[in-house]
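Some notes on the structure that comes next.
Number of protein chains: 2
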Amino acid sequence: MREKTTTFVLLGVLAAGGPMTGYDLRGWINGAIGHFWSESFGQIYPELKRLTAEGLISAAAAADGRKPYRITPAGRTALTAWLERQPQAETVRSELLLKLYFGRFLGTETARDLLTGARDRAGDRIAELETAATDLRRGETRGEELLFSLLVTDRGIAAARAERDWAARALKAVDALEDGGPDAALASLR
Amino acid sequence: MREKTTTFVLLGVLAAGGPMTGYDLRGWINGAIGHFWSESFGQIYPELKRLTAEGLISAAAAADGRKPYRITPAGRTALTAWLERQPQAETVRSELLLKLYFGRFLGTETARDLLTGARDRAGDRIAELETAATDLRRGETRGEELLFSLLVTDRGIAAARAERDWAARALKAVDALEDGGPDAALASLR
DNA sequence: GCCCCCATGTAAAATGTTACATGATTAG
DNA sequence: CTAATCATGTAACATTTTACATGGGGGC
């Protein structure tokens with residue numbers, strides 16, 4: 004069986020946040036690392052079952068409806084081994100860029116809509132992540148945990164800023180295209 | 004049947020590049036838009052069959068082993084309709100950020116390796132895309148086609164620069180962590 | 001009483017990659 | 001002759017999302 008990342012996200016969150024249920028795991032993932040990772044129940048529950056069978060996690064007695072899991076020593080070993088491997092090159096897939104690339108089949112109007120949408124979403128994202136960073140600094144998390152949380156948040160902010168600024172530039176080029184044609188637009192990119 | 008993006012990539016490339024075979028399509032996608040999209044043969048060939056059945060593309064007589072497809076008027080209509088819809092919010096999934104987030108279970112050494120790897124890959128990417136941009140400007144592509152090609156390349160460069168600069172900053176924070184502990188590292192992030 | 005949140009799980013469908021099978025043509 | 005590239009396609013597998021089914025508890 005090939006290694007799927009879901010395995011290690013679950014192990015990592017259980018290591019970082021202590022024992023929790025499948026439902027809790029989903030909430031944790033959505034909240035703390037939601038801006039660069041996601042998992043659905045359809046993956047979480049079957050995977051928890053499998054990890055239990057493999058001995059990497061163990062389930063406490065299901066008291067009420069809840070069934071909290073904790074990471075085992077074997078699970079920690081597996082997590083550490085995964086963490087130490089260089090990540091695979093990431094495959095980017097952007098529907099926005101695809102549409103913009105086919106921009107010559109689009110009216111100027113539509114291209115503009117595409118780009119203002121992207122710029123605004125990036126702006127919202129920046130605000131959101133900056134708030135998250137402030138909250139983190141003010142919160143009770145300390146030491147290395149805080150440091151690494153801030154580092155990944157910063158990466159999100161940096162990426163969103165680059166996106167917003169690029170969209171603004173591209174928007175100017177589209178304006179120039181409308182006013183002065185392709186050559187004017189190309190000149191505006193310099 | 005839900006709309007899969009593969010459909011429209013194929014339609015778009017046929018509209019942009021003229022009639023071509025499944026093999027050509029793959030090459031075109033890898034080359035021109037490979038930095039933000041990819042398709043495998045396993046998706047391309049079945050999809051070409053389906054699109055033919057739907058009347059969105061048509062196959063010329065298979066002369067030698069080749070079977071070139073062209074987009075039909077119905078295909079152009081479908082493409083335009085898709086282009087005009089705002090793209091779905093993109094789901095980012097970064098294994099690197101995941102590993103870094105769990106950085107407190109990592110040695111400083113490993114965190115550094117992760118980040119130098121990311122920084123160097125981003126650097127390579129910048130060089131590659133800058134070359135691509137230069138080649139585009141020097142090539143025979145003109146007008147809107149050139150403009151939109153450059154716009155999407157620029158977005159790749161902007162994203163890669165943001166990544167490289169962030170990784171360099173994060174690396175300094177990890178150095179500070181080793182020298183002066185978490186508080187020194189946090190201070191270095193200001 | 002009803003709606004929302006908590007909580008677990010399964011099933012089906014969609015999407016995507018990798019491996020395999022086959023054969024022609026071309027460059028060294 | 002041999003390796004690479006061109007070319008088509010299928011099958012198996014892996015991954016991921018969405019929809020469904022079920023039920024408890026708390027607030028209004």
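Line by line, the protein sequences are chains W and E. Letter by letter, the first sequence follows residues 4 to 193 of my numbering. Letter by letter, the second sequence follows residues 4 to 193 of my numbering. We put the beta carbon where it would ideally sit given N, CA and C, even for glycine.
For E:ILE36, which residues in chain W fall below 8 Å Cβ to Cβ?
Residue numbering aside, residue 36 of chain E sits at position 33 when the second sequence is read from its first letter. Per Cβ cutoff of 8 Å: LEU100, LEU101, TYR104.
With a 10 Å radius around its C-beta and 16 neighbouring C-beta atoms as the bar for buried, classify W:GLU147 as buried or exposed.
Along the first sequence, one-based indexing puts residue 147 of chain W at 144. By the 10 Å Cβ count, W:GLU147 comes out buried.
Whole angstroms are fine: how far does the CA of W:THR113 sit from the CA of E:THR75?
In the second sequence, the residue the question calls residue 75 of chain E occupies position 72. In the first sequence, the residue the question calls residue 113 of chain W occupies position 110. Going from the Cα of E:THR75 to the Cα of W:THR113 covers about 23 Å.
Should W:SER43 be flagged as near chain E, meaning a C-beta pair shorter than 8 Å?
Reading the first sequence from its first residue, position 40 is the one you call residue 43 of chain W. For W:SER43, the answer is no, since every Cβ of chain E falls outside 8 Å of its Cβ.
To the nearest angstrom, how far is the alpha carbon of W:PRO22 from that of E:GLY184?
The residue you call residue 22 of chain W lines up with position 19 of the first sequence. The residue you call residue 184 of chain E lines up with position 181 of the second sequence. Straight-line Cα distance between these residues: approximately 28 Å.
Determine the closest residue to E:LEU13 out of E:THR80, E:ILE47, E:ALA64, E:ASP186, with distance taken between C-alpha atoms.
Mapped onto the second sequence, residue 13 of chain E falls at position 10. It is E:ILE47.
Using 8 Å as the threshold, is the C-beta distance between E:ARG198 and E:ALA179 below it?
Given that chain E is displayed from residue 4 to residue 193, the structure contains no residue 198 of chain E and the question cannot be resolved.
Quick check on the DSSP output: the beta strand (DSSP E) that includes E:ARG73 runs from which residue to which?
Here residue 73 of chain E refers to the residue found at position 70 of the second sequence. Here the beta strand (DSSP E) through E:ARG73 covers 72-74.
Give a yes or no on whether the minimum CB-CB distance between E:GLN89 and chain W is below 8 Å.
For the purposes of this step, residue 89 of chain E is taken as the residue at position 86 of the second sequence. Yes, contact with chain W.
Check distances from the C-beta atoms of the segment 44-72 of chain W to those of chain E and list, in chain order, the residues that come in under 9 Å.
Under the 9 Å Cβ criterion, the segment 44-72 of chain W contributes no residue.
Who does E:ILE60 pair with in a DSSP beta bridge?
Against the second sequence, residue 60 of chain E aligns to sequence position 57. Paired residues: E:ILE74.
Name the chain W residues whose beta carbon is nearer than 9 Å to that of E:ASP127?
Position 124 of the second sequence, counted from the start, is the residue given in the question as residue 127 of chain E. Within chain W, no residue comes near E:ASP127; the closest Cβ sits about 10 Å away, beyond 9 Å.
By the criterion of Cβ-Cβ separation under 9 Å, what are the contact partners of W:ARG107 in chain E?
Along the first sequence, read from residue 1 onward, the residue named residue 107 of chain W stands at position 104. Those are ALA19, GLY146, GLU147, GLU148, LEU150, PHE151, listed as they occur along chain E.
W:LYS102 and W:LEU117 - do their beta-carbons sit closer together than 8 Å?
As a position in the first sequence, residue 117 of chain W is number 114, starting the count at 1. As a position in the first sequence, residue 102 of chain W is number 99, starting the count at 1. Cβ distance < 8 Å, so W:LEU117 and W:LYS102 count as in contact.
Measuring straight from C-alpha to C-alpha, what distance separates E:TRP169 and E:ASN33?
Here residue 169 of chain E refers to the residue found at position 166 when the second sequence is read from its first residue. Here residue 33 of chain E refers to the residue found at position 30 when the second sequence is read from its first residue. If you take the alpha carbons of E:TRP169 and E:ASN33, they lie about 28 Å apart.
Output, in chain order, the set of chain W residues within a Cβ distance shorter than 8 Å of E:LEU82.
In the second sequence, the residue the question calls residue 82 of chain E occupies position 79. Residues of chain W passing the Cβ test: PHE105, PHE108.
In the DSSP assignment, find the unbroken alpha helix (DSSP H) run with W:ALA92 in it and report its ends.
As a position in the first sequence, residue 92 of chain W is number 89, starting the count at 1. No alpha helix (DSSP H) contains W:ALA92, which DSSP labels as neither H nor E.
Who are the neighbours of W:GLY120 on chain E, taking C-beta pairs under 7 Å?
As a position in the first sequence, residue 120 of chain W is number 117, starting the count at 1. Within 7 Å Cβ-Cβ: GLN89.
Applying the criterion that 16 or more other CB atoms from any shown protein chain within 10 Å of the CB defines a buried residue, is W:GLY58 buried or exposed?
The residue you call residue 58 of chain W lines up with position 55 of the first sequence. So W:GLY58 ends up on the exposed side.
If you follow the alpha helix (DSSP H) that W:SER191 is part of, which residue opens it and which one closes it?
Your numbering for residue 191 of chain W matches position 188 in the first sequence. 146-191 is the span of the alpha helix (DSSP H), which, as asked, contains W:SER191.
Just the C-alpha distance for W:ARG158 and W:PHE151, rounded to the nearest angstrom, thanks.
Translated into the one-based positions of the first sequence, residue 158 of chain W becomes position 155. Translated into the one-based positions of the first sequence, residue 151 of chain W becomes position 148. The straight-line gap from Cα to Cα measures roughly 11 Å.
Drop a sphere of 10 angstroms on the beta-carbon of E:GLY15, count the other beta-carbons inside from all chains shown, and report buried for 16 or more, exposed for fewer.
The residue you call residue 15 of chain E lines up with position 12 of the second sequence. Looking at its Cβ environment, which holds 16 or more other Cβ atoms inside 10 Å, E:GLY15 is buried.
Which stretch, first to last residue, makes up the alpha helix (DSSP H) that contains E:TRP31?
Taking the second sequence and counting its residues from 1, one reaches residue 31 of chain E at position 28. Segment 25-35, the alpha helix (DSSP H) holding E:TRP31.
Let me check understanding here. Comparing Cα to Cα, which of E:LEU86, E:THR94, E:ARG73 lies closest to E:PHE11?
Along the second sequence, read from residue 1 onward, the residue named residue 11 of chain E stands at position 8. The option with the nearest alpha carbon to E:PHE11 is E:LEU86.
Report buried or exposed for E:PRO71, applying the criterion of at least 16 other Cβ atoms within 10 angstroms of its Cβ.
The count along the second sequence starts at 1 and reaches residue 71 of chain E at position 68. Per the 10 Å Cβ criterion, buried.
Under 8 Å, do E:PHE44 and E:ARG29 count as touching if we go by C-beta distance?
If you number the second sequence from 1, residue 44 of chain E lands on position 41. If you number the second sequence from 1, residue 29 of chain E lands on position 26. Going by C-beta atoms, E:PHE44 is nearer than 8 Å to E:ARG29.
Counting C-beta neighbours from all protein chains within 10 Å, is the total for E:GLU98 16 or more, i.e. buried, or is it exposed?
Looking up residue 98 of chain E in the second sequence gives position 95. When all chains shown are included, E:GLU98 counts as buried.
Which residues in chain W sit within 7 Å of E:ALA130, going by Cβ to Cβ distance?
The residue given as residue 130 of chain E occupies position 127 in the second sequence. Chain W residues near E:ALA130: none, gap ~16 Å exceeds 7 Å.
With a threshold of 8 Å between beta carbons, is W:LEU180 in contact with chain E?
In the first sequence, the residue the question calls residue 180 of chain W occupies position 177. True, the Cβ-Cβ gap to chain E drops below 8 Å.
Given that W:PRO22 touches chain E, what residues does it touch there, using C-beta distances under 8 Å?
As a position in the first sequence, residue 22 of chain W is number 19, starting the count at 1. Those within 8 Å of W:PRO22 in chain E number zero; the least Cβ separation is about 17 Å.
Buried or exposed: which applies to E:ARG193, given that a residue is buried once 16 or more other Cβ atoms fall within 10 Å of its Cβ?
Looking up residue 193 of chain E in the second sequence gives position 190. That one is exposed.
For E:GLY15 and chain W, any beta-carbon pair shorter than 8 Å?
Locating residue 15 of chain E in the second sequence gives position 12, counting from the first residue. It does: the Cβ of E:GLY15 has a partner Cβ on chain W nearer than 8 Å.
On the premise that W:VAL177 lies in contact with W:THR134, defined as a C-beta separation below 8 Å, what is that separation, rounded to the nearest angstrom?
For the purposes of this step, residue 134 of chain W is taken as the residue at position 131 of the first sequence. For the purposes of this step, residue 177 of chain W is taken as the residue at position 174 of the first sequence. With 8 Å as the limit, W:THR134 and W:VAL177 do not qualify as a contact, their Cβ atoms being about 31 Å apart.
Using a Cβ-Cβ distance cut-off of 8 Å, determine whether E:ALA171 contacts chain W.
Here residue 171 of chain E is taken as the residue at index 168 of the second sequence, counted from 1. Answer no: the Cβ-Cβ gap between E:ALA171 and chain W never drops below 8 Å.
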